[in-house]
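Below is one structure; the comments refer to it alone.
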Amino acid sequence: MADIELTLPDNSKLKVKKGSKGIDAAKKIGKKLAEDALAIEVDGKLQGLDFKLEENTKIKIITKNSKDGLEVLRHSASHVMAEAVKELWPNVKLGIGPAIEDGFYYDFFKKEPFTQEDLKKIEEKMKEIIKGNKEFKKKEMNKGEARKILQEKGEKFKIELLNELEDGKISFFESGKFMDLCKGPHAKKTGEIKAFKLLSTGGAYWKGDEKNEMLQRVYGTAFFKEKDLEEFLKQKEEAEKRDHRKIGKELDLFSINEIVGSGFILWHPKGTALRNQIMKFDEQEHLKRGYEFVTTPHLFKADTWKTSGHYNYYKENMYFLEIDKQEYGVKPMNCPAHIMIYKSNQHSYRELPIKYFEFGTVYRYEKSGVLGGLFRVRGFTQDDAHIFCSLEQLKEEIKKVIEFCLHVFKVFGFNEVAVKLSTKPEKAIGTKEQWDKAETALKTALEESKIEFEVDEGEGVFYGPKIDFKVKDSIKREWQLSTIQVDFNLPERFDATYIGNDSKKHRAVMIHRAIFGSLERFIGILIEHFEGKFPLWLSPVQFKILAVGEKFEEYAEQVNKKLLEEGFRTELDLRAETVSYKIREGQMQKIPYIIVVGEREKQNNTLTVRDRTGQQKTFSLEEFIKEKKKEVIEKK
RNA sequence: GCCGCCGUAGCAUAGUCUGGUUUUAUGCAGCGGUUUCGUAAACCGCAGAUCGUGGGUUCAAAUCCCACCGGCGGCUCCA
Numbered sequence: 349m350a351d352i353e354l355t356l357p358d359n360s361k362l363k364v365k366k367g368s369k370g371i372d373a374a375k376k377i378g379k380k381l382a383e384d385a386l387a388i389e390v391d392g393k394l395q396g397l398d399f400k401l402e403e404n405t406k407i408k409i410i411t412k413n414s415k416d417g418l419e420v421l422r423h424s425a426s427h428v429m430a431e432a433v434k435e436l437w438p439n440v441k442l443g444i445g446p447a448i449e450d451g452f453y454y455d456f457f458k459k460e461p462f463t464q465e466d467l468k469k470i471e472e473k474m475k476e477i478i479k480g481n482k483e484f485k486k487k488e489m490n491k492g493e494a495r496k497i498l499q500e501k502g503e504k505f506k507i508e509l510l511n512e513l514e515d516g517k518i519s520f521f522e523s524g525k526f527m528d529l530c531k532g533p534h535a536k537k538t539g540e541i542k543a544f545k546l547l548s549t550g551g552a553y554w555k556g557d558e559k560n561e562m563l564q565r566v567y568g569t570a571f572f573k574e575k576d577l578e579e580f581l582k583q584k585e586e587a588e589k590r591d592h593r594k595i596g597k598e599l600d601l602f603s604i605n606e607i608v609g610s611g612f613i614l615w616h617p618k619g620t621a622l623r624n625q626i627m628k629f630d631e632q633e634h635l636k637r638g639y640e641f642v643t644t645p646h647l648f649k650a651d652t653w654k655t656s657g658h659y660n661y662y663k664e665n666m667y668f669l670e671i672d673k674q675e676y677g678v679k680p681m682n683c684p685a686h687i688m689i690y691k692s693n694q695h696s697y698r699e700l701p702i703k704y705f706e707f708g709t710v711y712r713y714e715k716s717g718v719l720g721g722l723f724r725v726r727g728f729t730q731d732d733a734h735i736f737c738s739l740e741q742l743k744e745e746i747k748k749v750i751e752f753c754l755h756v757f758k759v760f761g762f763n764e765v766a767v768k769l770s771t772k773p774e775k776a777i778g779t780k781e782q783w784d785k786a787e788t789a790l791k792t793a794l795e796e797s798k799i800e801f802e803v804d805e806g807e808g809v810f811y812g813p814k815i816d817f818k819v820k821d822s823i824k825r826e827w828q829l830s831t832i833q834v835d836f837n838l839p840e841r842f843d844a845t846y847i848g849n850d851s852k853k854h855r856a857v858m859i860h861r862a863i864f865g866s867l868e869r870f871i872g873i874l875i876e877h878f879e880g881k882f883p884l885w886l887s888p889v890q891f892k893i894l895a896v897g898e899k900f901e902e903y904a905e906q907v908n909k910k911l912l913e914e915g916f917r918t919e920l921d922l923r924a925e926t927v928s929y930k931i932r933e934g935q936m937q938k939i940p941y942i943i944v945v946g947e948r949e950k951q952n953n954t955l956t957v958r959d960r961t962g963q964q965k966t967f968s969l970e971e972f973i974k975e976k977k978k979e980v981i982e983k984k
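Going by the numbering used here, the first residue of the first sequence is number 349, and it counts up by one from there.
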């Protein structure tokens with residue numbers, strides 16, 4: 349038989365016999381590769397190893413230890429889980445069972461939800477199946493045959509999926525007694541699944557639509573090596589240790605009170621100290637960049653929201669009240685207020701851009717089930733600014749905002765940033781020309797800022813394109829932070845204009861941008877990022893001062909007074925407790941420096957300072973102040 | 001909002017399944033005293049809880065049932 353030629357990802361060519369399969373190609377490339385092979389990617393599509401190869405295709409062998417390999421493994425694990433569940437509860441109907449970021453899940457239709465004990469049972473059953481080391485066999489048939497099989501089994505959800513598939517060959521995967529509609533690919537045998545663990549359960553709507561039935565989802569994860577699984581579980585534990593709700597309580601930063609209401613944050617003195625430092629820093633940075641500060645009310649007459657469109661499109665998320673037969677709405681956004689300020693004067697093109705900044709506290713009604721700690725709340729403060737400019741100025745202004753964001757990330761130690769540009773969605777306002785110009789402006793701004801970014805076609809909001817920034821924290825978790833959005837809608841609705849050099853009125857373009865997004869959420873992220881061990885400039889309490897004995901209390905007081913005068917945040921602890929006790933307490937409060945004074949220090953006018961790692965160092969008072977002031981300025 | 005789990009002193013837990021000393025226990029924190037101490041917990045004592053709220057079942061409810069409030073994990077949502 350004649351050879352056919354395939355292209356490998358590195359553009360080298362591979363010749364195999366006509367009619368051969370993916371596994372043959374793998375063997376041809378190398379014995380080791382064939383052993384490790386799990387699946388084959390043909391022209392970007394994952395296929396099983398038994399996939400018949402054709403000429404002029406680009407192939408990639410998916411092996412263990414690759415990201416795609418993990419996906420294949422996890423998808424296989426989800427099948428094994430479904431098999432286990434079917435054996436334990438034969439009447440359960442199957443939903444879908446894909447691999448996801450950290451593992452896999454499978455959705456089942458079952459009256460009673462799964463319990464923790466059920467998870468253990470399923471795990472045991474899965475172990476049996478894996479031990480059996482059965483082959484994943486692919487079976488192909490036409491749609492009619494497939495439907496017949498599914499109808500016999502009564503798999504109504506699978507039939508729904510089948511109906512959406514194109515006519516042609518429908519594939520099932522079979523392992524032992526279990527068979528499931530599935531395009532694959534899978535591992536060769538169930539025995540490939542070596543390290544797995546079921547993690548949790550939860551309800552999930554069929555096809556993610558809340559109008560549909562609620563299915564029972566089981567989450568799990570799988571790895572090729574036991575070591576990787578352990579690593580994963582350790583990382584999970586690490587994340588739990590950093591939970592901002594736990595640390596927030598321990599460090600007395602904030603609370604949420606049942607009587608006050610869900611989603612409303614009470615900032616305690618220490619939390620406020622932290623928050624104030626962030627705000628102070630942010631204010632300075634805005635001043636440097638030519639923003640003007642404004643202050644606006646929390647409550648507006650409903651007319652404002654009718655003009656802005658929120659009354660029609662955002663009403664379910666807003667708080668309304670009626671006084672003297674007049675309807676008012678609490679602001680969910682600051683934009684209308686800023687536009688009103690802009691509109692209180694006529695503006696020349698020479699004045700543009702005009703940038704208004706406000707720490708604007710907004711209230712949004714969020715469904716009870718979505719609230720959580722500081723991450724999702726009903727009342728929060730945005731570091732919100734609106735830039736009014738001409739379409740021509742857009743690119744330069746966006747560039748400045750990008751620089752601003754990156755600077756802020758760096759200061760807080762977020763060194764990895766992922767950027768996404770979202771373009772015109774199907775439903776959108778504004779002309780095609782406006783959109784094109786704006787999208788080009790955003791794109792060019794990103795390129796000229798030498799930033800790598802992804803384009804998310806059609807994912808913009810209806811009123812304009814946007815750029816989103818995601819950062820990675822100290823344990824590599826991703827958080828969506830900043831957003832820069834162009835808005836054609838509100839300037840139109842509020843008729844925001846400027847006078848151009850042709851002395852005619854022109855529509856202003858508005859940019860919404862927030863760097864932290866919400867201060868509440870940002871602080872939540874910071875708590876987890878730093879594990880509560882904030883750098884000196886942010887620490888609610890910077891120094892804890894204690895004396896070795898009563899005789900040295902006066903000196904401790906002197907030191908404290910001096911540090912307060914120098915603008916530091918201190919805590920003087922003169923309680924009748926032992927030195928060790930107070931140090932332990934300070935350490936648990938994650939205070940950056942604990943200052944101990946006694947005979948030696950009093951004699952020499954010095955301080956002995958213990959840092960968070962337990963290291964001690966002696967300074968003269970002046971020396972210490974100088975060094976710590978530097979540390980605060982450098983924000984290390 | 002939906003599915004599930006949970007709610008015991010300021011905090012962290014035990015007791016709840018299988019109702020039964022007048023319902024409670026432990027540690028930390030608090031308060032009173034003693035100790036004045038050199039880098040992660042000195043000692044003794046005291047006080048502190050309508051067991052989330054309301055209703056029901058029962059001779060008897062922290063425990064069983066219902067509703068509500070709140071928290072957590074998911075889903076959905078986050079123009």
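In this text, a Cβ means the ideal position worked out from N, Cα and C, and glycines have one as well.
Between the Cα of residue i and the Cα atoms of the options, which residue gives the shortest distance?
i	options	result
residue 594	422, 720, 464	720
residue 876	653, 924, 821	821
residue 502	475, 477, 440, 628	440
residue 426	860, 570, 387, 410	570
residue 933	411, 472, 480, 599	599
residue 810	775, 780, 926	775
residue 475	516, 420, 545	545
residue 686	843, 577, 605	843
residue 806	389, 815, 753, 512	815
residue 840	604, 415, 691	691
residue 460	668, 731, 433	433
residue 621	945, 881, 885, 353	885
residue 450	466, 577, 800	577
To which residues of the same chain is residue i closer than 6 Å at the C-beta, ignoring the five residues directly before and after it?
i	result
residue 879	590
residue 802	768
When you compare only the Cα positions, how much space is there between residue i and residue j?
i	j	result
residue 626	residue 740	33 Å
residue 659	residue 403	59 Å
residue 1009	residue 743	With the chain represented from 349 up to 984, any question about residue 1009 goes unanswered, as that position is not in the structure.
residue 572	residue 385	13 Å
residue 480	residue 471	14 Å
residue 778	residue 860	16 Å
residue 548	residue 923	47 Å
residue 930	residue 942	9 Å
residue 447	residue 422	5 Å
residue 469	residue 478	14 Å
residue 738	residue 845	9 Å
residue 466	residue 837	52 Å
residue 405	residue 376	16 Å
Residue i lies in the alpha helix (DSSP H); which residues open and close that run?
i	result
residue 928	927 to 936
residue 683	683 to 691
residue 808	Run containing residue 808: none; DSSP gives neither H nor E here.
residue 642	Segment: none, residue 642 is in no alpha helix (DSSP H) and carries neither H nor E.
residue 416	415 to 436
According to DSSP, residue i sits in a beta bridge with which residue or residues?
i	result
residue 677	648, 668
residue 827	819
residue 552	563
residue 853	847
residue 395	388
residue 720	724
residue 615	602
residue 711	727
residue 704	640, 734
residue 842	According to DSSP, which records beta bridges pairwise, residue 842 is partnered with nothing at all.
For residue i, which residues from the same chain have a beta carbon less than 7 Å from its beta carbon, with the 5 sequence-adjacent residues on both sides left out?
i	result
residue 703	638, 639, 640, 733, 735
residue 399	369, 370, 388, 390
residue 586	823
residue 630	731
Which first and last residues belong to the beta strand (DSSP E) in which residue i is found?
i	result
residue 576	Residue 576 -> not in any beta strand (DSSP E); alpha helix (DSSP H) instead, spanning 574 to 589.
residue 788	Taken as a continuous stretch (DSSP letters only), residue 788 belongs to no beta strand (DSSP E), being part of the alpha helix (DSSP H) at 780 to 796.
residue 353	351 to 355
residue 452	451 to 457
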